[in-house]
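Per our numbering, the sequence shown starts with residue 485, numbered consecutively.
Glycine included, every Cβ here is placed at the ideal spot set by N, Cα and C.
Everything numeric in this text was worked out from a predicted model, so none of it was measured.
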Amino acid sequence: MTILACPVSAAENKLPAPAHYSAAMSMNPETGAPQGVQIVSGGESDYYIDAPYIQFISENPPQGYAQSPQFMECATDEEPLVFDWAAPLPDDEIVCALRLEGGESGAWQMSLLAARTGIMAHIDNGPHRFKMFFSGDRWLPAGSEFVLNMAAYAGDPFGILAATELGVSFIAWRPATLEQKALAFEHITQARHSRDGMISDCALQVPGDTDSFKLRDDDNDGQWSEMYLAAESFRWAATGDPAARENAQRTFRAMIKLLTIAPVKGLPARSVLPAAQCPGADPHNWRMSADGTECWKSDTSVDELVGHYFGLPVYYDLVADDGEKQIIRSAIADLTDYIVDNGMRLLDENGNVTTHGNWDPEWVNTVGRTGDQGLNSVQALNALRSAHHITGNPKYLDKYHELVSRHGYHKNALKWKETGDRFQVNHDSDEMGFLSFYNLLRYEDDESLRRYYLEGLRRAWENDLPERNPEQIVIYGAFAKKNYGLDLAVRTLREIPLDLVKWSVRNSGRADLPHDTAPDRFGRAQSIFVPPYSETRTIRWSENMYQLDTDDGGRSEAMPVFWLLPYWMARYHGMIRNS
């Protein structure tokens, strides 16, 4: 690797028109040159062969790096270089610059710019151009306000050294496959995010220090855990790994507890805690179990129902033995009877409709028209279709056809996204909609109804495709088979950092991220496009990926379910294949 380097001032940096951002770099196994995501488009479906790519990891600098011949600082004896960067830069207050060449006869070039707020990297390999910006506490020493200097390290691994007023960080470029990343996230999930099978984020008692983690309950333990149950079910079906089945069985037992702990038959709990830890968050909604050993959380929402009618059917089809299938049939029958017998409403232990628990046609087609009409219709149809698949009880199929023929729920499903976005964009609703369509389309055999559902799903997929959300892309791809944006899903799965600590992010000051003229539904500033996910807040897909700033402060770590579900679902459906 050859180096041509010099300091560059902002005044000397002449910039061309904007270019596309990407951090999804494969490495050509023959030349070592960077390349983009390579999708195989042939036969009945598109697929991607899992190949090594560059995973960026912030870690401790190599020992003795400053004395190594592979250590390259910004030089001071060269003429200023003009870099082929898109305008505007994330930060135009340039500290120094490096240019490196790699491959045979300098087949590809890398430009590095150190600015006051972070490090910019640009790789040019002819048809493949990649840009990254490493900024904030995820990539720099936590709490740093400005970068003082930069260097490159051409050892193993290659990396960038960033010096700030608080120390030096090393951004390593390590080869990885998506499967290796999945196994790393599996370890993190079981080590820090499982409460006897219930999956949620964890608190960090020392900001940024994952060794200081503390397990905690979540308002939607049912939904997140059911998504993990589905992920491990897909993993088991795709790989036959016994660990996947063990993880799935553990979470399955936790979900059955949620569905049976309340004193009212069929009423699911939001969450469960040991008596000594009660009450958890939102203390007024916790109730003690009959035997006094645990407490359960009431005011269950449709979020939990979406989860139960998503994860349990997948587990039933792919993992469950005969005994577990009988347990699922009983639990799903109790849950569905409770909803149907109460007029398609979820009632709490006092007989009142829960805050978000209404699938009643009168509500859906009147009040629901202001936002949740289509979403709640899809949820209800999926619940009944899935319950009929599992139990065989014609009662549920009869109710399903009543909602279609008398109340037009299938037509509501067609325009669910347009109705939901009429007044505000709610990413939480988007996720629940996509999850509900998955089993609904798997079980529906009436082609006329399938056309409504597929078109409703397609419209939402098309609308949200710029977000590069792999969960949505893979769910749609399971039925579309071809031309569904698999390259974008793979790119996002690569971009998401291995570090899932929820660091504070400050992207509102970046000149390269144009602001939306309208804030999000919580009044927060957002951008008009999603930058690489290595540069955004740590999210789950129910949250706004356009949000520019967060004050998370490293006080928690996200559960990896948001990554594991689309990955293992893609593996199961043959979208991602091992070489």
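Residues in its own chain within less than 8 Å of residue i by CB, not counting five upstream and five downstream?
{"i": "leucine 713", "result": "Ala732, Thr735, Phe736, Met739, Gly795, Leu796, Val798, Tyr799"}
{"i": "aspartate 1106", "result": "The structure shown has nothing for residue 1106, since the chain only spans 485 to 1063."}
{"i": "alanine 721", "result": "Leu802, Val803, Tyr1056"}
{"i": "leucine 632", "result": "Val579, Ala647, Thr648, Glu649"}
{"i": "alanine 599", "result": "Leu573, Pro574, Asp575, Asp576, Glu577, Ile578, Val579, Val631"}
Could you give the distance in angstroms between the alpha-carbon of residue i and the alpha-carbon of residue j?
{"i": "phenylalanine 630", "j": "glycine 1038", "result": "19 Å"}
{"i": "alanine 636", "j": "methionine 594", "result": "11 Å"}
{"i": "proline 572", "j": "leucine 997", "result": "9 Å"}
{"i": "alanine 1054", "j": "valine 786", "result": "26 Å"}
{"i": "histidine 1057", "j": "tryptophan 1047", "result": "16 Å"}
{"i": "serine 1040", "j": "aspartate 576", "result": "32 Å"}
{"i": "phenylalanine 697", "j": "leucine 984", "result": "13 Å"}
{"i": "alanine 581", "j": "threonine 976", "result": "28 Å"}
{"i": "tyrosine 793", "j": "glutamate 886", "result": "19 Å"}
{"i": "serine 889", "j": "leucine 802", "result": "32 Å"}
{"i": "glycine 620", "j": "tyrosine 936", "result": "45 Å"}
{"i": "alanine 660", "j": "glycine 1007", "result": "38 Å"}
{"i": "glycine 776", "j": "glycine 791", "result": "27 Å"}
{"i": "aspartate 905", "j": "phenylalanine 617", "result": "32 Å"}
{"i": "histidine 677", "j": "leucine 662", "result": "21 Å"}
{"i": "arginine 613", "j": "isoleucine 607", "result": "6 Å"}
{"i": "aspartate 1033", "j": "alanine 995", "result": "14 Å"}
{"i": "asparagine 923", "j": "histidine 894", "result": "15 Å"}
{"i": "aspartate 695", "j": "glycine 993", "result": "32 Å"}
{"i": "phenylalanine 907", "j": "threonine 839", "result": "20 Å"}
{"i": "valine 748", "j": "arginine 754", "result": "14 Å"}
{"i": "leucine 742", "j": "leucine 868", "result": "20 Å"}
{"i": "valine 756", "j": "tryptophan 708", "result": "14 Å"}
{"i": "proline 545", "j": "glycine 681", "result": "36 Å"}
{"i": "threonine 560", "j": "leucine 584", "result": "Its pLDDT being 49, under 50, threonine 560 is placed unreliably by the model, and the measurement read from it follows with that caveat. Cα to Cα, threonine 560 sits roughly 15 Å from leucine 584."}
Between the Cα of residue i and those of the options, spot the shortest distance and give me the residue it belongs to.
{"i": "lysine 665", "options": "Ala571, Met1053, Arg978", "result": "Arg978"}
{"i": "arginine 658", "options": "Phe642, Glu649, Leu650, Thr648", "result": "Phe642"}
{"i": "proline 950", "options": "Asp983, Thr839, Tyr1017", "result": "Tyr1017"}
{"i": "asparagine 910", "options": "His768, Glu846, Met556, Gln1031", "result": "Gln1031"}
{"i": "proline 981", "options": "Pro726, Ile655, Ala599, Leu596", "result": "Ile655"}
{"i": "glutamate 557", "options": "Tyr893, Arg754, Ala638", "result": "Ala638"}
{"i": "alanine 765", "options": "Arg729, Gly724, Pro752, Asp701", "result": "Asp701"}
{"i": "leucine 597", "options": "Gln908, Thr1020, Met634", "result": "Met634"}
{"i": "aspartate 640", "options": "Arg754, Met916, Phe555, Leu865", "result": "Phe555"}
{"i": "asparagine 866", "options": "Tyr927, Glu846, Asp818", "result": "Tyr927"}
{"i": "aspartate 912", "options": "Leu667, Glu955, Asn877, Tyr893", "result": "Glu955"}
In its own chain, which residues sit with a C-beta less than 7 Å from the C-beta of residue i, not counting the 5 before and 5 after it?
{"i": "isoleucine 816", "result": "Leu796, Ala871, Ile874, Thr875"}
{"i": "alanine 804", "result": "Ile812"}
{"i": "aspartate 1035", "result": "Ser988"}
{"i": "alanine 1042", "result": "Asp685, Leu984, Lys986, Thr1022, Arg1024"}
{"i": "phenylalanine 1013", "result": "Pro950"}
{"i": "threonine 744", "result": "Ala815"}
{"i": "tryptophan 847", "result": "none"}
{"i": "threonine 850", "result": "none"}
{"i": "glutamine 1010", "result": "Asp1000, Pro1003, Asp1004, Asn1028, Tyr1030, Gln1031, Leu1032"}
{"i": "arginine 990", "result": "Gly620, Asp1033"}
Got a sec, what are the start and stop residues for the beta strand (DSSP E) residue i sits in?
{"i": "proline 758", "result": "756 to 758"}
{"i": "lysine 698", "result": "697 to 699"}
{"i": "methionine 604", "result": "602 to 609"}
{"i": "serine 525", "result": "523 to 526"}
{"i": "leucine 597", "result": "592 to 599"}
{"i": "tyrosine 927", "result": "Not the beta strand (DSSP E): tyrosine 927 falls in the alpha helix (DSSP H), residues 911 to 927."}
{"i": "leucine 949", "result": "Taken as a continuous stretch (DSSP letters only), leucine 949 belongs to no beta strand (DSSP E), as it is neither H nor E."}
{"i": "methionine 430", "result": "Because the chain here runs from 485 to 1063, residue 430 falls outside it and cannot be looked at."}
{"i": "tyrosine 537", "result": "537 to 543"}
Start and end of the alpha helix (DSSP H) containing residue i?
{"i": "asparagine 866", "result": "857 to 875"}
{"i": "alanine 721", "result": "705 to 723"}
{"i": "proline 797", "result": "786 to 802"}
{"i": "glutamate 670", "result": "662 to 676"}
{"i": "alanine 534", "result": "Here the sequence assigns aspartate to residue 534, which means alanine is not the residue at that position. Careful: aspartate 534 lies outside any alpha helix (DSSP H), inside the beta strand (DSSP E) at 529 to 534."}
{"i": "methionine 739", "result": "726 to 744"}
{"i": "glutamine 956", "result": "954 to 964"}
Leaving aside the five residues before and after residue i along the sequence, list all residues of the same chain whose C-beta is less than 6 Å from its C-beta, in chain order.
{"i": "leucine 699", "result": "Arg679, Cys686"}
{"i": "methionine 916", "result": "Val790"}
{"i": "alanine 507", "result": "Reliability of the predicted coordinates at alanine 507 is poor, the pLDDT of 45 falling under 50, and no value is obtained from them."}
Using 6 Å as the cut-off, classify the Cβ of residue i as near or not near the heavy atoms of the ligand PLP, replying yes or no.
{"i": "glycine 548", "result": "What this structure holds is no ligand at all, so the ligand PLP is not there to describe."}
Kindly confirm or deny that the region 953 to 969 and the region 929 to 944 touch, where touching means at least three C-beta pairs closer than 8 Å.
yes
Say whether the region 667 to 674 touches the region 875 to 893, bearing in mind that this needs 3 or more beta-carbon pairs closer than 8 Å, one atom from each stretch.
no
Three Cβ pairs or more, each shorter than 8 Å: is that satisfied between the region 845 to 862 and the region 895 to 902?
yes
On the three-pair Cβ rule with 8 Å, is the region 519 to 538 touching the region 643 to 656?
no
Across the region 967 to 975 and the region 526 to 541, are there enough close Cβ pairs to call them in contact, namely three or more that are closer than 8 Å?
yes
Touching by the beta-carbon criterion (3+ pairs, under 8 Å), the region 773 to 781 and the region 832 to 849
no
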